[in-house]
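Everything on this sheet refers to the single structure shown next.
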Amino acid sequence: MMSSSFNIFRVGFSFVMMHIFNNSTVVTLPELSPQKYFSTLQPGKASLAYFCQADSPSTSVFLEELNEAVKPLQDYGISVAKVNCVKEEISRYCGKEKDLMKAYLFRGNILLREFPTDTLFDVNAIVAHVLFALLFNEVKYVTTLEDLQNIENVLKGKANIAFAYVRAIGTPEHRAVMEAAFVYGTTYQFVLTTEMALLESIGSEDIQHAHLYFFHCKPVLDFIQQCGRTLMEQPLTTLNIHRFIKTMEAPLLTEVAEDPQQVSTTHLQLGLPLVFIVSQQVTYEADRRTAEWVAWRLLGKAGVLLLLRDSLEVNIPQHANVVFKRAEEGVPVEYLVLDNIDLIVSHVENNVHTEEIQEDEDYDIEDPDMDTQDDEVAETVYRDRKRQLALELTVELTEETFNTTVMASDSIVLFYAGWEAVSMAFLQSYIDVAIKLKAIEDFIEAGNYLKGYVITGVYPEEDVLILSNKYATTVPALLLARHKEGRIESIPLASTHVQEIVQIITNALLETFPEITVENLPNYLRLQKPLLILFSDGSINHKYEEVILTLIKQKHLDSLTPCWLNLKNTPVGRGILRAYFDPLPPLPLLVLVNLHSGGQVFAFPSDQSITEQHLLLWLKKLEAGLESHIRILPAEEWKPPLPAYDFLSMMDDATSPHPTRKAPECMKETDVQENDKEQHEDKSTARKEPVETLRIKHWSRSNWFKEAEKSFRHDKEL
């Protein structure tokens with residue numbers, strides 16, 4: 008139930024959670040024994056393992072690079088491990104010395120590839136080789152022009168091709184292509200070559216550097232027609248390839264009829280400029296053909312749009328036929344007069360070239376450890392790169408678990424790339440939402456367990472700061488309204504687990520100076536504190552109650568559980584006193600019973616009146632060890648002599664279908680788990696209510712009625 012008012016309810020709780028992150032995300036290479044490693048392999052999951060002798064210093068360089076590869080491979084769902092071979096271990100991977108110079112790639116427990124360690128010479132080579140092995144169906148390796156043409160012919164009218172030339176397998180450019188193939192391999196056919204002659208045969212002049220071409224084969228319907236080709240002119244980095252492919256996916260030409268200053272497209276978001284070809288109704292067809300030619304020439308370099316002057320509310324200068332908009336935010340657009348397509352293309356290329364040079368110069372000046380970009384999203388991701396994301400709050404989907412997980416309940420699925428700034432920025436927000444859904448899910452679950460005892464609610468975000476300032480508490484926190492006493496108190500919440508929330512709320516509901524009865528005693532014994540009991544023959548004297556409450560307010564009794572016992576309401580208390588005292592002193596009588604450690608019983612001096620000063624002085628003497636105990640309670644358990652005499656269990660069995668609930672009690676962890684299990688197995692079944700699990704029969708020294716049993720029985724007979 009949701010509410011922003013405490014006055015409507017008898018008792019109300021409100022709980023607010025804010026997210027806090029731990030700022031460390033160091034991922035290290037795990038070290039396992041062969042037996043432990045093979046026990047961790049999961050079906051369908053890829054894993055790279057290096058088997059080595061535990062005391063081998065010659066592999067230190069390779070292990071450093073392997074450790075660097077843990078995080079990037081983990082982003083692609085690939086685990087990495089160092090497996091220490093012990094002498095007595097019998098394994099094909101720990102046998103001969105030459106086998107220890109290899110790394111092994113598994114999918115589940117199936118071996119896919121063996122890699123000699125000299126081919127995995129750095130982190131780029133490790134990532135590139137592993138992804139290349141896993142993507143053998145998505146990435147075709149070719150060595151001749153005929154091989155490339157055969158793939159083209161097969162894919163005409165069906166799919167486009169990303170064709171890459173790299174100088175060698177394992178280079179940074181090869182890694183970048185493989186990472187792109189991991190993301191886009193099911194959409195485009197990736198083709199790879201290391202043959203320089205093949206690059207020359209398709210007409211490339213600069214064969215000294217890596218290249219990436221986009222072959223436009225999907226629009227080609229004529230088998231004889233050649234696929235159009237667009238060269239990526241930027242260096243082969245993961246981010247550049249991603250940006251290039253995104254521009255290939257964008258519409259070739261878009262028509263707009265609004266202020267160019269307000270227009271935003273995919274190109275602009277990727278850091279590329281926009282070119283508007285200004286058109287009017289009488290020249291529309293010719294202008295559109297011109298715009299299409301410009302779009303093909305600038306494909307991958309800029310976005311091209313056809314701007315309809317006749318439909319514009321904003322006036323475009325009459326002489327302008329081209330509008331140029333830079334990618335930088337806040338820069339005004341340029342109105343140009345350019346007579347032909349070549350001038351338009353050269354204007355764009357010259358301006359883009361200038362921007363790239365400036366960016367490179369800035370990069371060279373910067374400290375290499377401060378590799379931030381001008382883009383605010385990328386800079387934020389870099390600044391928070393060591394921030395630990397609570398990924399355990401989200402379910403990691405695999406090929407095997409995707410359908411079953413998504414079909415089981417309403418789901419929001421995030422597809423992201425660990426190397427791409429926008430994805431990582433969104434992932435951080437995604438985890439923030441998951442955390443909030445989880446301070447809420449656990450709290451609601453705790454509220455269900457306590458249904459009937461308290462009314463729970465969640466305050467929305469706009470009220471959080473107001474309430475936290477008003478009640479001087481830091482979130483997450485609980486607010487407890489005690490309407491009988493007319494006050495509201497705040498309780499800090501360090502943990503958000505269901506069991507801990509239930510325990511905190513249950514403890515908070517306990518009275519500060521309760522009357523102890525046989526029924527509510529277990530609730531106060533759970534606090535594991537000594538009992539400071541005022542025995543009274545009838546209602547408590549108001550003067551004594553005021554003394555105790557004053558000391559409670561002053562925090563002098565925080566280490567104790569102050570309470571009182573009315574002998575008329577709870578006659579067994581007289582038997583307790585007989586067990587403690589001989590003869591029985593006059594009432595009222597103040598006793599401290601240390602049930603949980605030592606079992607000592609201390610009595611407030613009967614010749615002193617119960618005042619704040621006297622009671623505080625007595626407690627200080629107890630703390631200093633200057634007072635002698637009058638009794639030590641035995642530590643043995645109190646059990647029924649035979650199973651047939653276990654009347655409490657019989658009572659539990661008889662009342663379990665419809666338990667009578669007198670006061671909230673904390674459940675054991677196993678009870679909570681059982682309720683969770685039953686709820687998931689049959690959601691149509693009503694949730695089981697919590698039942699008392701701390702019974703008198705299980706107490707060890709906690710059953711402080713034991714000593715009074717004989718005396719009370721004798722009194723009853725009389």
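To convert a position in the sequence shown, counted from 1, into my numbering, add 7.
All C-beta atoms in this analysis are idealised placements derived from N, C-alpha and C, irrespective of residue type, glycine included.
- The beta carbon of residue 227 is closer than 7 angstroms to those of 163, 164 and 234 in its chain, skipping five residues each way along the sequence.
- Taking 8 angstroms as the upper bound for CB-CB distance, residue 239 and residue 219 are in contact here, some 4 angstroms apart.
- Under the three-state reduction of DSSP, residue 472 is assigned to helix.
- Per DSSP, reduced to three states, the secondary structure at residue 196 is strand.
- Taking C-alpha positions only, residue 342 is separated from residue 270 by approximately 15 angstroms.
- With contacts defined by Cβ atoms closer than 8 angstroms, residue 48 and residue 113 form a contacting pair.
- Here residue 177 is buried: its Cβ has 16 or more other Cβ atoms, across all protein chains shown, within 10 Å.
- Pairing residue 282 with residue 311 gives a Cβ-Cβ distance under 8 angstroms.
- In this structure, residue 338 sits away from residue 331, with a CB-CB distance that is not shorter than 8 angstroms.
- Contact between the segment 579–599 and the segment 620–639 is present: 3 or more CB-CB pairs across the two stretches fall below 8 angstroms.
- The count of Cβ pairs closer than 8 angstroms, one atom from the segment 206–216 and one from the segment 134–148, stays below three, leaving the stretches out of contact.
- With a cut-off of 8 angstroms on Cβ pairs, the segment 190–201 is in contact with the segment 164–173, counting three or more such pairs.
- Of the candidates 215, 196 and 197, the residue whose Cα lies closest to the Cα of residue 203 is 215.
- Under the criterion of beta carbons closer than 8 angstroms, residue 56 and residue 88 qualify as touching, at roughly 5 angstroms.
- The segment 108–184 is shown to contain whole beta strand (DSSP E) runs of 3 or more residues at 109–114, 117–123, 146–148 and 168–172, in chain order.
- The three-state reading of DSSP puts residue 458 in strand, counting E and B together.
- A distance below 6 angstroms between beta-carbons, with the five flanking residues on each side excluded, links residue 581 to the following residues of its chain, in chain order: 574.
- Distances from the alpha-carbon of residue 277 to those of 609, 77 and 254 put 254 closest.
- For residue 465, there is no enclosing beta strand (DSSP E), since its DSSP letter is neither H nor E.
- For residue 558, the enclosing alpha helix (DSSP H) begins and ends at 549–560.
- Excluding its 5 nearest sequence neighbours in each direction, residue 334 has C-beta neighbours in its own chain below 7 angstroms: 275, 278, 279 and 280, listed in chain order.
- The three-state reading of DSSP puts residue 99 in coil, since its state is none of H, G, I, E or B.
- The C-alpha of residue 346 lies about 20 angstroms from the C-alpha of residue 308.
- Around the CB of residue 540, 16 or more other CB atoms lie within 10 Å, so the residue is classed as buried.
- Fewer than three beta-carbon pairs drawn from the segment 559–568 and the segment 503–516 are found closer than 8 angstroms, and the two stretches are therefore not classed as touching.
- Residues of the same chain with a CB within less than 7 angstroms of the CB of residue 535, apart from the 5 flanking positions on each side, are 603 in chain order.
- If you draw a 10 Å sphere on the C-beta of residue 317, you find fewer than 16 other C-beta atoms in it, and that means exposed.
- For residue 598, the secondary structure class from DSSP, reduced to helix, strand or coil, is strand.
- Relative to the Cα of residue 301, the nearest Cα in the group 559, 289 and 284 belongs to 284.
- When the five nearest sequence neighbours on each side are left out, the beta carbons in the same chain lying within less than 6 angstroms of the beta carbon of residue 148 are those of 199, in order along the chain.
- For residue 557, the CB contacts under 8 angstroms within the same chain, skipping 5 residues up- and downstream, are 619 in chain order.
- With fewer than 16 other CB atoms across the displayed protein chains lying within 10 angstroms of its CB, residue 256 is exposed.
- Bounds of the beta strand (DSSP E) holding residue 607 are 607–610.
- Residue nearest to residue 70 within the set 59, 80 and 79 is 59 (criterion: CA-CA distance).
- Straight through space, the alpha carbons of residue 305 and residue 453 are spaced by roughly 60 angstroms.
- According to the DSSP assignment, residue 204 belongs to the alpha helix (DSSP H) that extends over 203–208.
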